[in-house]
Amino acid sequence: MCGIVAYIGPKDATPFLLEGLARLEYRGYDSAGVAVTGRSGGIKLRKVKGRVADLAAAVPARFKGTTGIGHTRWATHGVPSDANAHPHLDNAERIAVVHNGIIENADELRAKLAADGAVFRSETDTEVLAHLIAANVAEGVELEDAVRAALGRVVGTYGIAVLDAERPDRIVVARNGSPIVLGIGEKEMFAASDVSALVRYTRQVVHLEDGELATVRADGFRTFTEDARTTHRQPSTVDWEVDSYDTGGFEHFLLKEIHEQPGSVERTLSGRLDERFATAHLGGLNLDARELREIRRVKILGCGSAYYAGEMGAQLIEELARIPAHSEPASEFRYRNPVIEADTLYVAVSQSGETYDTLAAVQEVKRKGGRVLGVVNTVGSAIARECDGGIYLHAGPEVSVASTKAFTSTVVAFALLALHFGRIHDLSPADGRRIVSALKALPDQIREVLEQSEAIAGLAAEYADSAGMMFIGRVRGYPVAREGAQKLKEISYVHAEAYPASELKHGPLALISPELPTVALVPDDELLDKNLTTLGEIKARSGRVIAVGHRRPEEKLADHCILVPKSEPELDPLLLNIPLQLLAYHAAVALGRDVDKPRNLAKSVTVE
Ligand code: F6R
Numbered sequence: 000m001c002g003i004v005a006y007i008g009p010k011d012a013t014p015f016l017l018e019g020l021a022r023l024e025y026r027g028y029d030s031a032g033v034a035v036t037g038r039s040g041g042i043k044l045r046k047v048k049g050r051v052a053d054l055a056a057a058v059p060a061r062f063k064g065t066t067g068i069g070h071t072r073w074a075t076h077g078v079p080s081d082a083n084a085h086p087h088l089d090n091a092e093r094i095a096v097v098h099n100g101i102i103e104n105a106d107e108l109r110a111k112l113a114a115d116g117a118v119f120r121s122e123t124d125t126e127v128l129a130h131l132i133a134a135n136v137a138e139g140v141e142l143e144d145a146v147r148a149a150l151g152r153v154v155g156t157y158g159i160a161v162l163d164a165e166r167p168d169r170i171v172v173a174r175n176g177s178p179i180v181l182g183i184g185e186k187e188m189f190a191a192s193d194v195s196a197l198v199r200y201t202r203q204v205v206h207l208e209d210g211e212l213a214t215v216r217a218d219g220f221r222t223f224t225e226d227a228r229t230t231h232r233q234p235s236t237v238d239w240e241v242d243s244y245d246t247g248g249f250e251h252f253l254l255k256e257i258h259e260q261p262g263s264v265e266r267t268l269s270g271r272l273d274e275r276f277a278t279a280h281l282g283g284l285n286l287d288a289r290e291l292r293e294i295r296r297v298k299i300l301g302c303g304s305a306y307y308a309g310e311m312g313a314q315l316i317e318e319l320a321r322i323p324a325h326s327e328p329a330s331e332f333r334y335r336n337p338v339i340e341a342d343t344l345y346v347a348v349s350q351s352g353e354t355y356d357t358l359a360a361v362q363e364v365k366r367k368g369g370r371v372l373g374v375v376n377t378v379g380s381a382i383a384r385e386c387d388g389g390i391y392l393h394a395g396p397e398v399s400v401a402s403t404k405a406f407t408s409t410v411v412a413f414a415l416l417a418l419h420f421g422r423i424h425d426l427s428p429a430d431g432r433r434i435v436s437a438l439k440a441l442p443d444q445i446r447e448v449l450e451q452s453e454a455i456a457g458l459a460a461e462y463a464d465s466a467g468m469m470f471i472g473r474v475r476g477y478p479v480a481r482e483g484a485q486k487l488k489e490i491s492y493v494h495a496e497a498y499p500a501s502e503l504k505h506g507p508l509a510l511i512s513p514e515l516p517t518v519a520l521v522p523d524d525e526l527l528d529k530n531l532t533t534l535g536e537i538k539a540r541s542g543r544v545i546a547v548g549h550r551r552p553e554e555k556l557a558d559h560c561i562l563v564p565k566s567e568p569e570l571d572p573l574l575l576n577i578p579l580q581l582l583a584y585h586a587a588v589a590l591g592r593d594v595d596k597p598r599n600l601a602k603s604v605t606v607e
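Be aware that the sequence shown starts at 0, since it is given in numbering that gives the first Met the number 0, and climbs by one per residue.
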């Protein structure tokens, strides 16, 4: 949620820290700060409420040091303010700490430290760490040992970077539930919470494991466990393109990522379609056909848009494989003492692979002996590592807070899983071929939808100042409606409700009026007549309707219509969703919202 960067080497750390923070800002963005030190000793600190640009403006030219740490924050403990921004210092201003995660026993530690004379200057849980580490760095104690001792008293999750003014030759980092990655340069080293901050400087990285620490010096690093045993970690090469972290001529990352979908879907499909047997090959499942045949139920777990993508996935699995499948918010599942069945396959969905609620749900399933697959975008992320196997999306990095291309690729991955499952069960070769060709056609069909961006911008401008919007869909259309409403509310802040079209007359029809327009998913499938009847009911109550489907309904049933190319019925939801992304994007632009960084949100939610 928050972002961490660190640098040690011969150069001035500040430009890297500020640029790295700007790249991480999508993770959290209510305040930011940097601390540097060097041979001249002492810690220089600047932190401000606001964006990284505000921080950059506040950093004076003489703010230099060869060792530094930085942070961009998404508030959990204490309001966004200069004082609560990281880094946090101890009272002697010798130790500086940046932290992602939550220290659960912060109140108790704070009381003890205060009783011993520590004076607290912020409301954060993180400041406790600075005082705790400072209490442990005595003469002759190495910084890493002081950090280990401090972390030994902490309950909670963390990714941290620690600076010591008296030991400017090193930075100590540690990970427990919140990612830390080291970047290996030429006589210089970097660390960050996310590779996006590093790829401009190095492709050689080391992902720390939970419970691991590292001492990082300009000429290398040493990793070790909480009980001081050295670990041996091989660097890996990041294959994501540097360009992925630029807007590439688009006005926003979100628009760029929406337009990247033909390519990202191609990558999700690449090498996985088998035309001969009309099935899909998924090498990472780690389950053979015999094991898959024993699966009686599929339970999909994810949060937010990942949960809605899971709802589409559940329908695909039920339809193609005829195996009961259900998607549930991982954030609910983990708290309700779930029954774990041996013949159920659990599937965790996460773009970032770091969402804490989803990770906790996976751990709960595994603790009880269940088998979990991951549908994950970020290679090597915590959730990917925790799962028994899975499908990587290969959608490329998603920078904008709202998920678009990862959402679409998740649904494509589920289509592959459903096809594979289906062909192991009773899906006929002819039906398998039907799905294979429909999947192959998707990238071009998405391009066709994207060509309507301007027309959709016109519609969005007309409707953006509505008091709210209703999104409705039946069966396959319902998860599309939910995701459409989610996208609109999160980036435009326009209130949006999603309902199954069939439920409208059981209550929400009372809301329909000219002030509450409805976006209705009306695919040309076996439920078309039912959907048209619903449109009639809305129009009879003077509601305004934007129909999204495959053919234009009669004029009296819809005020506007967005047409998308027809796929196979099972895959139609994928294409119906794309115009809703554009609608949300253009509404947010029309309202002057901060599209890539909507208020109160963060890209990866690594706290409970
Ligand atoms: C919505 C959105 C969020 C995420 C959710 C899960 O546009 O981005 O709802 O989908 O926070 O995130 P991941 O997929 O990283 O686990």
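Using N, Cα and C, we set each Cβ at its ideal position, and we do this for glycine too.
Quick check on DSSP: helix, strand or coil for residue i?
i    : result
T403 : coil
F189 : strand
F62  : coil
V411 : helix
N599 : coil
D356 : helix
I445 : helix
G431 : helix
Y498 : strand
K43  : strand
S235 : strand
D89  : coil
L575 : helix
Q485 : helix
V4   : strand
L162 : strand
H258 : helix
R344 : Note that residue 344 is Leu in the sequence shown here, rather than Arg. L344: strand per DSSP, three-state reduction.
K529 : helix
R174 : strand
Relative to the ligand F6R, is the shortest distance from any of its heavy atoms to the C-beta of residue i smaller than 7 Å?
i    : result
G100 : no
T354 : yes
P140 : Pro is not the amino acid found at residue 140; the sequence shown has Val there. No, the beta carbon of V140 sits no closer than 7 Å to any heavy atom of the ligand F6R.
T357 : yes
V364 : no
S195 : no
C1   : no
E331 : no
E489 : yes
C302 : yes
V400 : yes
K486 : yes
Q350 : yes
A148 : no
A305 : yes
Considering only the alpha carbon of each residue, which of the options lies closest to residue i?
i    : options                : result
P578 : F470, I390, I455       : I455
R147 : E122, I445, D168, A173 : A173
R433 : T123, A164, S566       : S566
P167 : K43, H130, H325        : K43
T224 : A217, A213, Y157, A191 : A213
E103 : G247, G176, A133       : G176
R335 : V364, E310, S465       : V364
L508 : G476, M468, P522, E397 : M468
K186 : K10, A519, P564        : K10
K46  : R266, G158, A56, H258  : A56
R202 : G69, V398, D226, V237  : V237
A5   : E327, G542, G64, A546  : G64
I94  : T156, V154, L54, A160  : A160
V375 : H393, A360, A359       : H393
A190 : E482, T66, L112, Q350  : T66
E92  : Y498, A60, R109, E165  : E165
Inter-stretch contact at 8 Å, needing at least 3 Cβ pairs: the region 79–86 / the region 27–39
yes
Determine, using beta-carbon pairs with one atom in the region 9–28 and one in the region 194–209, whether at least three such pairs fall under 8 Å.
yes
Using 8 Å as the cut-off, can you tell me whether the region 522–540 makes contact with the region 365–377, which would need three or more C-beta pairs spanning the two stretches below that distance?
no
Three CB pairs or more closer than 8 Å across the region 400–411 and the region 279–297
no
Do the region 457–468 and the region 585–594 touch if we need at least three Cβ pairs shorter than 8 Å?
yes
Meets three-Cβ-pair contact criterion under 8 Å: the region 539–547 and the region 283–292:
no
With contact counted as at least three CB pairs below 8 Å, one residue from each stretch, are the region 375–388 and the region 444–459 in contact?
no
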